[in-house]
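**Q** The opening position of the sequence shown corresponds to residue 2 in this note's numbering, with each subsequent residue numbered one higher.
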Amino acid sequence: MTADVKKETMGFQTEAKQLLHLMIHSLYSNREIFLRELISNASDAIDKLRFAALSNEALLEGQGDYQVQVDVDKDARTITIADNGIGMNRDEVVEHLGTIAKSGTAAFMESLTGDQQKDSQLIGQFGVGFYSAFIVADRVEVHTRKAGEDADQGVVWESHGESEFSVEPRDKATRGTSIMLFLKDDCEEFADDFRVRSVIKKYSDHISVPVMMLKPAAPVAEDAEEQTEQPPEYEAVNEATALWTRSRTEISDDEYNEFYKHVSHDFDEPLTWSHNKVEGKFDYTSLLYIPKRAPFDMWNRDMARGLKLYVQRTFIMDDAEQFLPLYLRFVKGVVDSNDLPLNVSREILQQDAAVESMRSALTKRVLDMLSKLAKKGGDDYAGFWKEFGQVLKEGPAEDFANKEKIAGLLRFSSTHTDAPEQDQSLEDYVQRMQEDQEKIFYVVAENFNTAKNSPHLEVFRKKGIEVLLLCDRVDDWLMNHLQEFDGKAFQDVARGALDLAADTEEEKAEQEKLQKESEALVERMTKVLEGKVAEVRATARLTDSPACLVVGEFDMGAQMRRIMEAAGQPVPDSKPILEINPGHPLLEMLDQEQDEDQFAELSAIVFDQANLAEGGQLDDPAAYVSRLNKLLLTLSGR
Numbered sequence: 002m003t004a005d006v007k008k009e010t011m012g013f014q015t016e017a018k019q020l021l022h023l024m025i026h027s028l029y030s031n032r033e034i035f036l037r038e039l040i041s042n043a044s045d046a047i048d049k050l051r052f053a054a055l056s057n058e059a060l061l062e063g064q065g066d067y068q069v070q071v072d073v074d075k076d077a078r079t080i081t082i083a084d085n086g087i088g089m090n091r092d093e094v095v096e097h098l099g100t101i102a103k104s105g106t107a108a109f110m111e112s113l114t115g116d117q118q119k120d121s122q123l124i125g126q127f128g129v130g131f132y133s134a135f136i137v138a139d140r141v142e143v144h145t146r147k148a149g150e151d152a153d154q155g156v157v158w159e160s161h162g163e164s165e166f167s168v169e170p171r172d173k174a175t176r177g178t179s180i181m182l183f184l185k186d187d188c189e190e191f192a193d194d195f196r197v198r199s200v201i202k203k204y205s206d207h208i209s210v211p212v213m214m215l216k217p218a219a220p221v222a223e224d225a226e227e228q229t230e231q232p233p234e235y236e237a238v239n240e241a242t243a244l245w246t247r248s249r250t251e252i253s254d255d256e257y258n259e260f261y262k263h264v265s266h267d268f269d270e271p272l273t274w275s276h277n278k279v280e281g282k283f284d285y286t287s288l289l290y291i292p293k294r295a296p297f298d299m300w301n302r303d304m305a306r307g308l309k310l311y312v313q314r315t316f317i318m319d320d321a322e323q324f325l326p327l328y329l330r331f332v333k334g335v336v337d338s339n340d341l342p343l344n345v346s347r348e349i350l351q352q353d354a355a356v357e358s359m360r361s362a363l364t365k366r367v368l369d370m371l372s373k374l375a376k377k378g379g380d381d382y383a384g385f386w387k388e389f390g391q392v393l394k395e396g397p398a399e400d401f402a403n404k405e406k407i408a409g410l411l412r413f414s415s416t417h418t419d420a421p422e423q424d425q426s427l428e429d430y431v432q433r434m435q436e437d438q439e440k441i442f443y444v445v446a447e448n449f450n451t452a453k454n455s456p457h458l459e460v461f462r463k464k465g466i467e468v469l470l471l472c473d474r475v476d477d478w479l480m481n482h483l484q485e486f487d488g489k490a491f492q493d494v495a496r497g498a499l500d501l502a503a504d505t506e507e508e509k510a511e512q513e514k515l516q517k518e519s520e521a522l523v524e525r526m527t528k529v530l531e532g533k534v535a536e537v538r539a540t541a542r543l544t545d546s547p548a549c550l551v552v553g554e555f556d557m558g559a560q561m562r563r564i565m566e567a568a569g570q571p572v573p574d575s576k577p578i579l580e581i582n583p584g585h586p587l588l589e590m591l592d593q594e595q596d597e598d599q600f601a602e603l604s605a606i607v608f609d610q611a612n613l614a615e616g617g618q619l620d621d622p623a624a625y626v627s628r629l630n631k632l633l634l635t636l637s638g639r
């Protein structure tokens, strides 16, 4: 450390400052979690050193016994958590302890409500890590040195958790990090040996490194001769055995829950989990968790995702995304392989046959977990779907091998209930299908109300045929890849010509008659709407509406078109089909109109209204308003 580097005071990043304030005032009811967070961080630092030392043994500095050490001083009212892990240099201290380098931070801050109880849950979702120290401390001092660097490269970070922190050089003989908390007046319980031991047992039994504390001194008899003072003796407070290596029968639900919080940094308990050991061609153990709530950065495709990877009990990397497909990016947990090399890299993982086999098996295991959850019914799967349903809808396009299984997990709104909740499965739909129904019908719209009130549903409601109501942005893309379920093909009711098996011979004859009688009207409207529509045709799918727009069988759907246009992407040049209901009074009036200019104006109104009913946008709204005003004035006799 150069002599001219002195103590420097800096301001916290704005988001870090806000989070500190919110934590201190929102998490006071669960203060003890600070110890879980700091010990978890210490364990991670040791894991990182283990991995780095595989290729550079000099980082161990001749000392390879890993441990976390916790000391309390009741008189000084302090608690210190120290590890002999990877440690940090000055730049890393400033980066990690002065900022929150986490995607989704802005969205997280916007979602805070000001309600302390609700904000507490949100903060827990976001993860607090090191900053949780300020829940119990009014001053925190961090003394650290990066493994492999000289003793004079140590750094001290200090802050009162308000607006600024200081950093200065200080010698540190040993590698790793020591965090001293100067406890608040009302938090002195955490300077009590027994209280701290109980918290460690509660939260950190699953940590794979020993958490050491001073062994309680044995009572000395009053008449005992004066003894030579013994050096302090430490003992492990936790089990210090990686949880996933133990038998499932030995692990309690509480232990599984606490381990989830360790690997996910989530405050909430998981929805469900699966612990499995595989022996055969490839040997590995997995412990997979489904969270209750989605992370704030789930829609950021660059978010950190994946499982913690261990090889032969040795930590290799966080966020090993190669073991699960992208649509299962919400899954947390660990995978421990006996077959991969200790020097495995992300590049090797992408090409390894063992990884591909494990990925396939782990994907099926997650889908089985979700299937069991869905079969149980109740609030658990409904809650999962609300949080992660749109992500799961990415699955059929990404995972052809499991398309049918994913389809069975999907939930939709439908005309069966006409409720916005997405709680209808495809299996339920198929069971309710009419005897002669051959297809699964659906409509895609911008929102639920537009879908529910779509004119395309009129004939289906008349015949009592159920239609799925799709209104998520991903739905049009999803249905392009889903094609069928349980041998039943999907049919977009707003795409192509409508052919209902439920139509009687009498109804089919009536349709043919209708089309023949409306040929002249269709021809006139086709002429005046040239350039706006691909064609005009009479339809029997409408009962109450004058017209609707239909997408060509092989054309891009309206919702997908809007999404691509909003993203600035080029879209294929195609025109919609205008289907008209010749029996509607407006179309009957139009058919009788002799003034060709007036006919053109009315035809344009019919087309624009059909566009609006689909949730579309008009090319020229002012022209539509002008035409409509003229029509109203004409009808009023003015």
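Virtual Cβ for every residue (Gly too), placed ideally from N, Cα, C.
The alpha helix (DSSP H) spanning Y674 covers which residue range?
**A** The requested residue 674 does not occur in the structure, where the chain is confined to residues 2 to 639.
**Q** Closest to E357 by C-alpha separation, out of K376, E322, A446, would be which residue?
**A** As a working note, residue 357 is residue 356 in the sequence shown. Of the candidates K376, E322, A446, E322 places its Cα closest to the Cα of E357.
**Q** Just to confirm my understanding: we take K282, look at its own chain, exclude 5 residues before and 5 after, and list those with CB closer than 8 angstroms. What are they?
**A** Locating residue 282 in the sequence shown gives position 281, where the first residue counts as 1. Closer than 8 angstroms at the Cβ level, and outside the excluded window around K282, lie S358.
**Q** Applying the criterion that 16 or more other CB atoms from any shown protein chain within 10 Å of the CB defines a buried residue, is F183 buried or exposed?
**A** Counting from 1 along the sequence shown, the entry for residue 183 is found at position 182. By the 10 Å Cβ count, F183 comes out buried.
**Q** Which class does T642 belong to by DSSP, given the choice of helix, strand or coil?
**A** As displayed, the chain neither begins before 2 nor continues past 639, which places residue 642 out of reach and without an answer.
**Q** According to the neighbour-count rule (16 or more other Cβ atoms, all chains shown, within 10 Å of its Cβ), is F35 buried or exposed?
**A** Along the sequence shown, read from residue 1 onward, the residue named residue 35 stands at position 34. Classification of F35: buried, given that the 10 Å Cβ count is 16 or more.
**Q** Is there contact here, the stretch 80 to 99 with the stretch 229 to 249, by at least three beta-carbon pairs under 8 angstroms?
**A** no
**Q** Roughly how many whole angstroms lie between the Cα atoms of F166 and F135?
**A** Taking the sequence shown and counting its residues from 1, one reaches residue 166 at position 165. Taking the sequence shown and counting its residues from 1, one reaches residue 135 at position 134. Distance between the alpha carbons of F166 and F135 is about 13 angstroms.
**Q** In its own chain, which residues sit with a C-beta less than 6 angstroms from the C-beta of T416, not counting the 5 before and 5 after it?
**A** To locate residue 416, count along the sequence shown from 1; it is residue 415. The answer, listed in chain order, is E467, V468.
**Q** Could you tell me which residues DSSP puts in a beta bridge with C549?
**A** Walking along the sequence shown from the start, residue 549 turns up at place 548. According to DSSP, C549 bridges with E580.
**Q** Go through its chain and collect everything with a Cβ distance to Q610's Cβ below 8 angstroms, but skip five positions before and after it.
**A** Residue mapping note: residue 610 aligns to position 609 of the sequence shown, counting from 1. Hits under 8 angstroms: P547, A548.
**Q** Taking T79 as the reference, give the member of L50, E142, G569 with the closest Cα.
**A** Looking up residue 79 in the sequence shown gives position 78. Closest in alpha carbon position to T79, among L50, E142, G569, is E142.
**Q** Closest by CA to R306, which one among S265, E280, F316?
**A** Taking the sequence shown and counting its residues from 1, one reaches residue 306 at position 305. Comparing Cα-Cα distances from R306 to each of S265, E280, F316, the minimum goes to S265.
**Q** Identify the continuous beta strand (DSSP E) that holds T1 and give its terminal residues.
**A** Because the chain in this structure spans residues 2 to 639, residue 1 falls outside the shown range and cannot be described.
**Q** Return yes when the Cβ of N90 is within less than 8 angstroms of the Cβ of V197, no when it is not.
**A** Translated into positions along the sequence shown, residue 197 becomes position 196. Translated into positions along the sequence shown, residue 90 becomes position 89. No. Outside cutoff.
**Q** Strictly by DSSP, which residues pair up with K278?
**A** Taking the first residue of the sequence shown as 1, we reach residue 278 at position 277. The partner list for K278 (beta bridge, DSSP) reads T286.
**Q** Buried or exposed for S56, going by 16 or more other Cβ atoms inside 10 Å?
**A** Your numbering for residue 56 matches position 55 in the sequence shown. Exposed: under 16 other Cβ atoms inside 10 Å.
**Q** Using the Cα positions of N582 and Y328, report the straight-line distance between them to the nearest angstrom.
**A** Counting from one through the sequence shown, the residue named residue 582 turns up at place 581. Counting from one through the sequence shown, the residue named residue 328 turns up at place 327. Rounded to whole angstroms, N582 to Y328 spans 43 angstroms at the Cα level.
**Q** Helix, strand or coil for T175, going by three-state DSSP, please let me know.
**A** Here residue 175 is taken as the residue at index 174 of the sequence shown, counted from 1. The answer is coil: DSSP assigns T175 none of H, G, I, E or B.
**Q** Closest to L613 by C-alpha separation, out of N450, Q435, N481, A152, would be which residue?
**A** Residue 613 sits at position 612 when you count from the first residue of the sequence shown. Closest by alpha carbon: N450.
**Q** Using the Cα positions of D424 and D269, report the straight-line distance between them to the nearest angstrom.
**A** Your numbering for residue 424 matches position 423 in the sequence shown. Your numbering for residue 269 matches position 268 in the sequence shown. Cα to Cα, the separation comes out at about 24 angstroms.
**Q** Can you tell which of F600, E150, G390, R249 has its C-alpha closest to the C-alpha of A295?
**A** The sequence position of residue 295 within the sequence shown is 294, counting from 1. Comparing Cα positions, the closest option is G390.
**Q** Please give the ranges of any alpha helix (DSSP H) in the stretch 453 to 509, keeping only runs that are unbroken, at least 4 residues long and fully inside the region.
**A** Complete alpha helix (DSSP H) runs here, min 4: 459 to 464, 476 to 483.
**Q** In the DSSP assignment, find the alpha helix (DSSP H) that holds S44 and state where it starts and stops.
**A** Here residue 44 refers to the residue found at position 43 when the sequence shown is read from its first residue. That run of the alpha helix (DSSP H) goes 34 to 56.
**Q** Rounded C-beta distance between S1 and G12? I'm assuming under 8 angstroms.
**A** As displayed, the chain neither begins before 2 nor continues past 639, which places residue 1 out of reach and without an answer.
**Q** Touch check for the stretch 528 to 546 and the stretch 576 to 592: three-plus C-beta pairs under 8 angstroms?
**A** yes
**Q** Would you call the stretch 376 to 390 in contact with the stretch 426 to 434, where contact means no fewer than 3 C-beta pairs closer than 8 angstroms?
**A** no
**Q** Would you mind sorting M590 into buried or exposed? The rule is 16 or more other CB atoms within 10 Å of its CB.
**A** Along the sequence shown, one-based indexing puts residue 590 at 589. Exposed, since its Cβ has fewer than 16 Cβ neighbours within 10 Å.
**Q** Apply the 10 Å Cβ neighbour rule to W300 and answer buried if 16 or more other Cβ atoms are within range, or exposed otherwise.
**A** Reading the sequence shown from its first residue, position 299 is the one you call residue 300. Result: exposed.
**Q** My guess is that L50 and G86 are in contact by the Cβ rule of under 8 angstroms, so how many angstroms apart are they, rounded?
**A** As a position in the sequence shown, residue 50 is number 49, starting the count at 1. As a position in the sequence shown, residue 86 is number 85, starting the count at 1. Right, the Cβ-Cβ distance comes to about 5 angstroms (below 8 angstroms), so this counts as a contact.
**Q** How would you call K453, buried or exposed, if buried means at least 16 neighbouring beta carbons within 10 angstroms?
**A** Along the sequence shown, one-based indexing puts residue 453 at 452. The residue is buried, with at least 16 neighbouring Cβ atoms inside 10 Å.
**Q** Can you name the residues that DSSP bridges to R538?
**A** On the sequence shown, position 537 is the one that residue 538 refers to. R538 is bridged to E580.
**Q** Using alpha carbons as the reference points, say which of P326, S455, V431, E399 lies closest to D545.
**A** Indexing the sequence shown from 1 puts residue 545 at position 544. When only C-alpha atoms are compared, the closest one is S455.
**Q** Is the stretch 588 to 603 touching the stretch 569 to 576, taking contact as three or more C-beta pairs under 8 angstroms?
**A** no
**Q** Based on Cα-Cα distance, which residue from A408, D76, M214, E251 lies nearest to Q68?
**A** By one-based count along the sequence shown, residue 68 stands at place 67. With distances taken between CA atoms, Q68 lies nearest to M214 out of A408, D76, M214, E251.
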